[in-house]
Amino acid sequence: MKFLTTTNLAIFHDLVADTIGWRLLGLAPALGFAIFDGAVLIFLKLERSQRLFWLC
6 MKFLTTTNLA
16 IFHDLVADTI
26 GWRLLGLAPA
36 LGFAIFDGAV
46 LIFLKLERSQ
56 RLFWLC
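Start counting the sequence shown at 6; every next residue gets the next number (the working numbering).
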């Protein structure tokens, strides 16, 4: 059973990015999206590199 569907992930993404943008930094949501997406991409890249490290 999938807990994270695409819709759930999109809603979660919107909520977190909105929170980062407006409440924490006092910035526009677009910048919140950019910060959140950057953090997710960094996390995925680190996870992928760690997985490749363990495969070697």
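From the three backbone atoms N, C-alpha and C, an ideal C-beta is built for every residue, glycine too.
Measure from the alpha carbon of residue i to the alpha carbon of each residue in the options, then state which is nearest.
i     : options                    : result
Phe39 : Lys50, Ser54, Asp23, Glu52 : Note that residue 39 is Ala in the sequence shown here, rather than Phe. Ranking the options by Cα distance to Ala39, first place goes to Asp23.
Would you tell me roughly how many angstroms separate the C-alpha atoms of residue i and residue j, rounded to the nearest one?
i     : j     : result
Ala44 : Ile16 : 17 angstroms
Val21 : Ser54 : 25 angstroms
Glu52 : Phe41 : 16 angstroms
Asn13 : Asp19 : 10 angstroms
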